[in-house]
Amino acid sequence: MEETTKSLNFIEHIIEEDLEKSYSKNDLRFRFPPEPNGYLHLGHASAICLNFGLGERYGAPVNLRFDDTNPAKEESTYVEAIKRDVAWMGFHWDKECYASDYFQQLYEWAVQLIKEGKAYVDSQSSEEMAQQKGTPTEPGVAGPYRDRSVEENLDLFERMKNGEFEEGVHVLRAKIDMASPNMLMRDPILYRVLHKAHHRTNTDWCIYPMYDWTHGQSDYLEQVSHSLCTLEFLPHRELYDWCLDELVASDKLRPKQREFARRNLSHTVVSKRKLLQLVEEGVVSGWDDPRMPTISGLRRRGYTPEAIRNFADTVGIAKRENLVDVSLLEFHVREHLNKIAPRVMAVLDPLKVVITNYADGSEEWLEAENNPEDEKAGSRQVPFSRELYIEKADFKEEANRKFFRLKLGGEVRLKNGYIIKAESCTKDTDGNIIEVQCTYDPKSKSGSGTEESLRKVKGTLHWVSVAHAIAAQVHLYDRLFTDENPDGHKEKDFMEFVNTDSLETITAFLEPSLKNAKVGDRFQFQRLGYFNVDQDSSPEQLVFNRTVTLRDTWAKMQQKK
RNA sequence: UGGCCUAUGGUGUAAUUGGCAACACAGCUGGUUUUGGUCCAGUCGUUCUAGGUUCGAGUCCUAGUAGGCCAACCA
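What follows is the structure, given as structure tokens:
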């Protein structure tokens, strides 16, 4: 069925226009081209959703291409991590490609360029070349090697390839226009000598092509129709087209580069370099620390691929500067988890409650609905007994009527259980409340259908039975940065805004049904938030991560006061 | 003394390509609720400025203003 209502983004408009004019639907092909020099983050997730989303929309293949032209920074461990993350997001790539697969072809095209007098070997230092390059406001000037003969260039380039020179002695440059208003057109470097082993080609090569001499050609070789990248590559487009002009055959599709604005997320940074710094300086435990905006971090935090994809879809794509509020991301993970996460009871900050009229030593198992949003989710049993834990924040000796929770002389329902009334409480020598004594109404049991069970009481609390509770380690996460835009200050480094309280580790008490929770399982701890089982968890010591809290209008009211 | 890109609520995107500014989030009001969750209803805008073209401009033109990008043997 064709959708008619959904509006198009500007990339889709371009494609629709191309489809009307010169392209057929079968011509469409996309690619996601990460450099394997780090882990994928939310910014990449947007690009992934854009390219693979286009593939799904038009029934077009999408390649996963590793842009691996710089052996100094790239490793195969990153290749594996990237593949894992893209697959986890739920996308399927057509071909797995590597720019390094094209090294021979790229080399031959470079030789062709030299023969046509459009490339030359420069033998100056990078400083000298930078000097001649001019500035954005001043034109550059030609260097002394710009007019070397084709024969000499061919010979030198051959010897560069054969490993006769040290790094930095010679480079191959395109001969374009040293006075171009576009700095990238002032004889860009095409090849440099690098005596480094490459993660795939090992030591087969000691000259490596630069990005600009690789990307468009790779797109062309794969017959990618629309090559989408972020806005900072816009000035590269002229060069991208120049390179393509040199080699596109008339019967082949000519790729098109188009640019979109990168997504910025509030209260975080999305730059590989900065994320690496957080890892290296030990601010976080690794690339997959649940506070990191990496895909692996979000996965460990308990986010679902659906949530991330829905987030990317609603944010959309455009060409202007932006700073998306994290609350939108949080909305989407709550929206999805609300539908799929089983409800359980857990107490994070325990206060003991004793039901004085409940027989000591006896217990009963109460029926609890697993998910009110999903009838098929069924129910489970939770144990009730004389001694329980509730949250400290759920009891006050006295409070006004806006406080729907337990107070002395007041009644409250225990979720799935009975209505209880607080009669008294005891305190330690510092005046802290350490225990509340309550009575329960035996006829008020949830679901029993009695008149008493149907009574309306304002508050409902979650709880666990002390004797049956499982102690577990729980990580509570907060935003990694205190500033909305840590990256957006010219005077201050983003590291100054690191939130030193972004992780709190506590011991919580869980209902016993959680005993067999497996790594990755997601739950809603009722009234608290969504939590998942961390990879470091074991049956002996359960470890949970808080994905996100529930929306909390009560907390907001408190804050305003 | 440059070139290029961008400008729509607090945030992010739309607007049948010149025809009633829409959707989502956030906020605020209420209602429902055995989760202060979910759900439901309501509310929140001089489309950066000034001119111009037109019956009609967020959209086209001109000028201005503001922000961003461009001088790695990185991608």
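Each residue of the first sequence is one higher than the one before, starting from 15 at the first, in the working numbering.
Where is the CB? At the ideal position from N, CA and C, for every residue including glycine.
Note that the structure is a prediction, hence the values are computed from the model and not measured.
For residue i, I'd like the list of residues in its chain whose CB is within less than 6 Å of its CB, leaving aside the five on either flank, ordered along the chain.
i	result
E381	S393
E401	V368, V480
P47	R79, D81
E34	none
W219	F117
K457	T464, E466
L524	A360, I484, A486
D442	I448
I221	M174, K175, Y205, V207
T308	Y53, H55, W301
C439	I447, V450
I203	V185, R187, M224
Roughly how many angstroms lie between the CA atoms of residue i and residue j, to the nearest whole one?
i	j	result
E295	L54	19 Å
E17	A483	Residue confidence for E17 is low, a pLDDT of 37 falling below 50, so the modelled location carries little weight; the figure read from the coordinates is stated next. Cα-Cα distance, rounded: 51 Å.
D515	D492	7 Å
D302	V125	44 Å
N324	L517	27 Å
M15	R71	Residue confidence for M15 is low, a pLDDT of 29 falling below 50, so the modelled location carries little weight; the figure read from the coordinates is stated next. Distance between the alpha carbons of M15 and R71: 12 Å.
N23	L68	11 Å
D115	R268	20 Å
L242	F274	7 Å
D497	L120	45 Å
G445	G311	42 Å
I448	F418	21 Å
E181	R334	40 Å
V183	H58	36 Å
F508	V283	8 Å
C452	P386	29 Å
G473	F409	11 Å
R565	S341	10 Å
Use the C-beta contact count for residue i: other C-beta atoms within 10 angstroms, 16 or more gives buried, fewer gives exposed.
i	result
S38	exposed
H618	The requested residue 618 does not occur in the structure, where the chain is confined to residues 15 to 575.
K470	exposed
M197	exposed
M174	buried
K270	buried
I322	buried
G580	The structure shown does not extend to residue 580, since the chain is modelled only from 15 to 575, so the question has no answer here.
M306	buried
N40	exposed
N546	buried
R200	buried
T519	exposed
R560	buried
R348	buried
Could you spell out the range, first to last residue, of the alpha helix (DSSP H) harbouring residue i?
i	result
D99	90 to 102
W568	567 to 574
D233	229 to 236
E320	319 to 329
H209	Run containing H209: none; DSSP gives neither H nor E here.
D169	164 to 175
C439	Run containing C439: none in the alpha helix (DSSP H); it sits in the beta strand (DSSP E), 433 to 441.
Q126	117 to 129
V185	Premise fails: V185 lies in the beta strand (DSSP E), 185 to 188, not in any alpha helix (DSSP H).
Y254	250 to 261
Residues in the same chain with beta-carbon distance under 7 Å from residue i, minus the five sequence neighbours each way, listed in chain order, please.
i	result
V93	P50, F80
R160	Y134, K189
N336	A275, R277, N278
R272	I25, I28, H240, L242
A413	K421
Excluding the 5 residues flanking residue i on each side, which residues of the same chain have their C-beta closer than 8 Å to its C-beta?
i	result
Q555	A486, Q487
T521	A485, A486, Q487, V488
V533	V547, D548, Q549, S551
S139	G182
V366	The amino acid at residue 366 is misidentified as Val; the sequence shows Lys. Answer for K366: E401, L402, Y403, I448, E449, V450, V480, listed in chain order.
Which residues mark the beginning and the end of the beta strand (DSSP E) in which residue i is found?
i	result
V577	Residue 577 is absent from the model: the chain starts at 15 and stops at 575.
H58	Not the beta strand (DSSP E): H58 falls in the alpha helix (DSSP H), residues 56 to 72.
I447	447 to 454
**Study point:** the segment 368 to 375 contacting the segment 311 to 318, beta-carbon criterion three pairs below 8 Å
**Key:** no
Tell me, please, whether the segment 141 to 159 touches the segment 102 to 110 by the rule of three or more beta-carbon pairs shorter than 8 Å.
no
- request: Determine, using beta-carbon pairs with one atom in the segment 231 to 244 and one in the segment 252 to 267, whether at least three such pairs fall under 8 Å.
  value: yes
Next on the checklist: Would you call the segment 204 to 220 in contact with the segment 84 to 98, where contact means no fewer than 3 C-beta pairs closer than 8 Å?
Outcome noted: yes
Original post:
Would you call the segment 496 to 508 and the segment 545 to 561 touching, i.e. three or more CB-CB distances under 8 Å?
Top reply: no
Review point. Counting pairs of Cβ atoms below 8 Å between the segment 531 to 543 and the segment 354 to 363, do you hit three or more?
Key: yes
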